[in-house]
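Residues in the sequence shown are numbered from 181 upward in steps of one, following our numbering. Working notes, beginning with the structure itself.
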Amino acid sequence: MIEPSAIRPVVLIGGLSRRFGRDKLREPLASGGLLVDRPIAALRAVFGRRVVGVGPAHAEVIGRVDQVLPDAWEGAGPAGGLLTVLDAFDAPVFLLSGDLPWITSASISAVVEAAAASPHADAVLAASVGTDGHRQPEPCIGIYRPCLRSRLRARLDVGNRRLWDLPEHPEYVFLPAAELAGANTPADLHG
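Shown next as structure tokens:
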């Protein structure tokens, strides 16, 4: 059984925002605050004020998380951020992208509950059902266990940055696709 207090909540705050055209994590929302505030708030509602930010970011973003870790694998995307945290804490990690305007604490809780019920899963990931009817995993919304560290390091050493096929024994929590969508363009913030 995995307890929420044993999980390190992490928001990815690095990245270049190429498709967005500017630093999307600092994008103001019509409802107030910045884009990055949404995933941080969802994590805090479940885990408290223990949210770790990984990656290089503007001071305005860094000031919003509870702890910052420099990305030991800078330029390796979310996989590098995940390995940085697994190495630093040797604990299960709830990995969450910083660009999720519609994520809720209820979805975070659903993933945590699934992880508690799936002690043999090496990862528990959010997923939605795609337009083709197939499962669409969201590798930047989920819990990764430390047993994946050596596999992830070996993949990064050869330039493989994919996360979607990293777990060998994953479980999936199906959530509404709209809630799992990241903001890749300014239009994505208007739901």
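Beta carbons: idealized from backbone N, C-alpha and C, even for Gly.
query: For the alpha helix (DSSP H) that contains SER330, what are its first and last residues?
result: Start and end: 329-337.
message: Whole angstroms are fine: how far does the CA of ALA286 sit from the CA of ALA256?
response: Roughly 30 Å separates the two Cα atoms.
query: Cβ-heavy atom distance between LEU262 and the ligand FAD below 6 Å?
result: This structure lacks the ligand FAD, and indeed carries no ligand of any kind.
- request: Compare the Cα-Cα distances from GLY278 to each of ASN340, SER211, PRO236, LEU336 and report the closest residue.
  value: The shortest CA-to-CA distance from GLY278 to any of ASN340, SER211, PRO236, LEU336 is the one to PRO236.
message: Could you check whether PRO350 and LEU305 sit closer than 7 Å to each other, using their CB atoms as the reference points?
response: Contact: yes.
query: What did DSSP end up calling ARG188 once you bin it into helix, strand or coil?
result: Strand at ARG188.
field: Pick from ILE323, PHE354, ALA301 that is closest to PHE227, judged by C-alpha positions
entry: Nearest of ILE323, PHE354, ALA301 to PHE227, Cα basis: ILE323.
Three-state class that DSSP yields for ARG206 in the structure shown: Helix, per DSSP.
- prompt: Rounded to the nearest angstrom, how far is the Cβ of LEU249 from that of VAL273, given a contact under 8 Å?
  reply: Distance from LEU249 to VAL273 at the Cβ level is roughly 11 Å; contact not present, criterion being Cβ atoms closer than 8 Å.
- prompt: In its own chain, which residues sit with a C-beta less than 6 Å from the C-beta of ALA357, not counting the 5 before and 5 after it?
  reply: By the criterion of a C-beta distance shorter than 6 Å, ALA357 is surrounded in its chain by SER308, once the five residues flanking it on both sides are discounted.
message: For a test of the three-state rule: what should DSSP assign to LEU305, helix, strand or coil?
response: For LEU305, the secondary structure class from DSSP, reduced to helix, strand or coil, is strand.
message: Please report the distance separating the alpha-carbon of ALA363 from that of GLY339.
response: Cα to Cα, ALA363 sits roughly 26 Å from GLY339.
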